[in-house]
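Novice:
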Amino acid sequence: MRSSVQVSKWLCLVVPLMLLMPQALATGKGCAAFDQMPTVIEMDQGLQQELRLPVAITRVAVGEPKVADVQASGERAVLLTGVGQGNTSLMLWTDCAPKPHRAMVFIKGRASADMAEVALQATEQAPLPTQVQADIRFVEVRRLKYKEAGAKLFFKGSNNSLFGSPGTVPNTVVRPGYVPGIQTGTNPVTYADVRPGIPLDNDVFNIVWGGGSSRFLAMINALENSGFAYTLARPSLTVLSGLTASFLAGGEIPIPVPSSGSDNVSIEYKEFGVRLALTPTVVSGNRINLKVAPEVSELDYNNAVVIAGTRVPGLSVRRTDTSITLADGESFIISGLITSNVRSGVDKMPGLGNLPIIGAFFRQTALNREETELLMIVTPHLVQPLAVNAKLPELPGEGLRTYDPSWGHLFFMENGSFDGRGGLSR
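Residues 1 to 426 in UniProt numbering are what the sequence shown spells out, letter by letter.
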């Protein structure tokens, strides 16, 4: 009788365990499969994707509702909707672990009609987000042209009268003599002390005649110069699709800021130089949507202001903000700016300076022309990182890092030409 009771107790313990064992094994397999769920999900704006899970979901949430929306679709599925371009996080809670499963969700640009046909498919292991390298070229060309021509006359008449342009020619006098009515103590001031004449410009070609004991002094000046400047900046940025990268090559200028109600002055820094903000988005295939905001700024001392006793230059800025769509490797001029400044001035004697031919000896003319052309060209590329243990390309200057010539080579052979040696960026 006792043995029968023991067998009954044993059956009462074993039978429930045998009934629960298949369920426990199934749950264990489901949790193992749940751990293999993708950690990166990539989809297009405006489309939906159903995620089927091997275990029941207890809770689901997204980090940024403006990027993606998620809703439960049964006990073991969720419906994910791409709301706006960007990235966010998706969290799924189950009974497999106290912590949620996390996945990054990348929403690309608005999808085409062909892509919408396959929107509601279960997501398998998603690839990593595409990386985009954008090459930007800033090209600025400046042309300067300056012309100057004119004549200046000076004449000493009788009775110590003077006629001509004001100014001074160093060590050049029209004939020494007394200036009536001007005294310095007991000594009269002479023309040698006053030194009337015409100013000479060292940067201008001058023809001077007269002076000394002569009553007449004349000068004809002429100048023509030109200049050319070429500036090239080639920043290159690599960034994940949907994210923003920035670049600055320049400097920071300190600006004093007086404090209200006190004599304290604080310093703030303003950036200048070549700046670039880039947001690429891979929309389909090899098509890349680029939002580019390049800017070129430089110090402008012509528009300087004085703050707290310090002369602070202004900033001359050229910027653009645009969005374009390009294929991998295509180039496009995203911005072009042409400015032309022409300044002309005429100094002349009223009446005589207006006469034809003869009036040229009574006037001074100058012409200044400045032209600036700025281009910004962008070229995007779809890129992948180098494989593990892959051989890296030669770095800039690597070929010269161990350059240590002998004294004989340095004296007899070194000519200063480093262009043909490896390691320099082209």
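Using N, Cα and C, we set each Cβ at its ideal position, and we do this for glycine too. All values reported here derive from a predicted model rather than from experimental measurement.
(1) Drop a sphere of 10 angstroms on the beta-carbon of ASP44, count the other beta-carbons inside from all chains shown, and report buried for 16 or more, exposed for fewer.
(2) Mapping the DSSP letters down to three states, classify ILE220 as helix, strand or coil.
(3) May I ask which residues mark the beginning and end of the alpha helix (DSSP H) holding GLY336?
(4) Run through the region 235-308 for me and flag every whole alpha helix (DSSP H) of 4 or more residues, listed as ranges in chain order.
(5) Residues in the same chain with beta-carbon distance under 6 angstroms from GLY353, minus the five sequence neighbours each way, listed in chain order, please.
(6) Buried or exposed: where does THR279 fall if 16 or more other Cβ atoms within 10 Å of its Cβ makes it buried?
(7) Return helix, strand or coil for GLY314, following the three-state DSSP convention.
(8) Going straight from the alpha carbon of PRO393 to that of PHE411, what length do you get?
(9) With distances taken Cα to Cα, identify the nearest neighbour of ARG102 among GLU370, PRO313, PHE34.
(10) Give the range of the beta strand (DSSP E) segment to which GLY82 is assigned.
(11) Along the beta strand (DSSP E) that carries LEU410, what are the first and last residues, could you check?
(12) In terms of residues, what are the limits of the beta strand (DSSP E) holding ILE377?
(13) Near VAL78, which residues of its chain fall below 8 angstroms by C-beta distance, leaving aside the five closest residues on each side in sequence?
(14) Starting from the C-beta of PRO166, find all residues in its chain whose C-beta is less than 7 angstroms away, skip the five residues before and the five after it, and write them out in chain order.
(15) Tell me whether the beta-carbon of LEU276 lies closer than 8 angstroms to the beta-carbon of SER246.
(16) Skipping 5 residues on each side, what residues in its chain have a beta carbon closer than 6 angstroms to that of ALA293?
(17) Tell me the DSSP secondary structure of LEU352 in three-state form.
(18) If you check the beta carbons only, do GLU140 and LEU374 fall under 8 angstroms apart?
(19) What whole-angstrom Cβ distance do VAL265 and PRO258 have, given they're in contact under 8 angstroms?
(20) Using the three-state DSSP reduction, which class does GLY359 fall into: helix, strand or coil?
(21) Assuming THR88 is part of the beta strand (DSSP E), what are its boundary residues?
(22) Please look up how many angstroms separate the CB atoms of PRO380 and ASP328, rounded, as I've assumed it's under 8 angstroms.
(23) Can the beta-carbon of LYS108 be found closer than 8 angstroms to that of GLN85?
(24) Which residues does DSSP list as the beta-bridge partners of VAL55?
(25) Return the chain-ordered list of same chain residues with a C-beta closer than 6 angstroms to the C-beta of GLY224, the five sequence neighbours on each side being excluded.
(26) What does the alpha-carbon distance come out to for the pair GLU298 and PRO65?
(27) By Cβ distance below 7 angstroms, which residues in the same chain neighbour THR81 in space, the five residues on each side in sequence not counted?
(28) Given a threshold of 16 other Cβ atoms within 10 Å of its Cβ, counted over all protein chains shown, does ALA308 qualify as buried or as exposed?
(29) With a threshold of 7 angstroms on Cβ separation, who are the neighbours of ASN368 within its own chain once the five nearest residues in sequence on each side are excluded?
(30) Per DSSP, which residues does PHE34 bridge with? Please list them.
(31) So which of PRO313, ILE338, GLN36 has the shortest CA-CA distance to ARG142?
(32) DSSP three-state label for SER73, please.
(33) Whose C-beta lies closer than 8 angstroms to the C-beta of VAL312 among residues of the same chain, with five residues either side of it excluded?
(34) For ARG76, which residues from the same chain have a beta carbon less than 8 angstroms from its beta carbon, with the 5 sequence-adjacent residues on both sides left out?
(35) Going by alpha carbons, who is nearest to SER340 out of GLY273, GLU370, SER323, THR281?
(36) Is the beta carbon of ALA134 sitting closer than 8 angstroms to the one on LEU237?
Specialist: Walking through what the data contain:
(1) buried
(2) strand
(3) GLY336 -> not in any alpha helix (DSSP H); beta strand (DSSP E) instead, spanning 332-348.
(4) none
(5) Residues of the same chain with a CB within less than 6 angstroms of the CB of GLY353, apart from the 5 flanking positions on each side, are GLY359, PHE362, ARG363 in chain order.
(6) The residue in question, THR279, is buried, as its Cβ has 16 or more Cβ neighbours within 10 Å.
(7) strand
(8) C-alpha separation (whole angstroms): 32 angstroms.
(9) Closest option to ARG102, judged by alpha-carbon separation, among GLU370, PRO313, PHE34: PHE34.
(10) Its beta strand (DSSP E) spans residues 77-82.
(11) That residue, LEU410, is in no beta strand (DSSP E); its alpha helix (DSSP H) goes 407-412.
(12) For ILE377, the enclosing beta strand (DSSP E) stretches over residues 363-383.
(13) GLU50, LEU51, LEU53, ILE57, VAL60, VAL70, GLN71, ALA72, LEU92
(14) Note that PRO166 scores 45 on pLDDT, short of 50, meaning its location in the model is unreliable; the coordinates nonetheless yield the value given after this. Around PRO166: no qualifying Cβ.
(15) In this structure, LEU276 sits near SER246, with a CB-CB distance shorter than 8 angstroms.
(16) ALA277, ASP321
(17) helix
(18) yes
(19) 5 angstroms
(20) The three-state reading of DSSP puts GLY359 in helix, counting H, G and I together.
(21) Where THR88 is concerned, the enclosing beta strand (DSSP E) starts and stops at 86-94.
(22) Indeed they touch by this definition, with Cβ atoms about 7 angstroms apart.
(23) yes
(24) The partner list for VAL55 (beta bridge, DSSP) is empty, contrary to what the question assumes.
(25) It is worth fixing the name first, because residue 224 is Glu in this sequence and not Gly. Counting only Cβ-Cβ distances below 6 angstroms, and skipping sequence neighbours, we find LYS147.
(26) 41 angstroms
(27) Excluding positions up to five away in sequence, the list reads GLN48, ALA68, ASP69.
(28) exposed
(29) For ASN368, where only same-chain residues beyond five positions count, the Cβ hits under 7 angstroms are TYR146, ARG343.
(30) In DSSP, PHE34 forms no bridge with anything.
(31) Measuring C-alpha to C-alpha distances from ARG142 to each of PRO313, ILE338, GLN36 identifies ILE338 as the nearest.
(32) It is coil, neither helix nor strand.
(33) Excluding sequence neighbours, VAL312 sits near ILE253, ILE255, PRO256, ALA304, VAL305, VAL306.
(34) Correct list, in chain order: ARG52, LEU53, PRO54, VAL55, ALA56, ILE57.
(35) Nearest C-alpha to SER340: GLU370.
(36) yes
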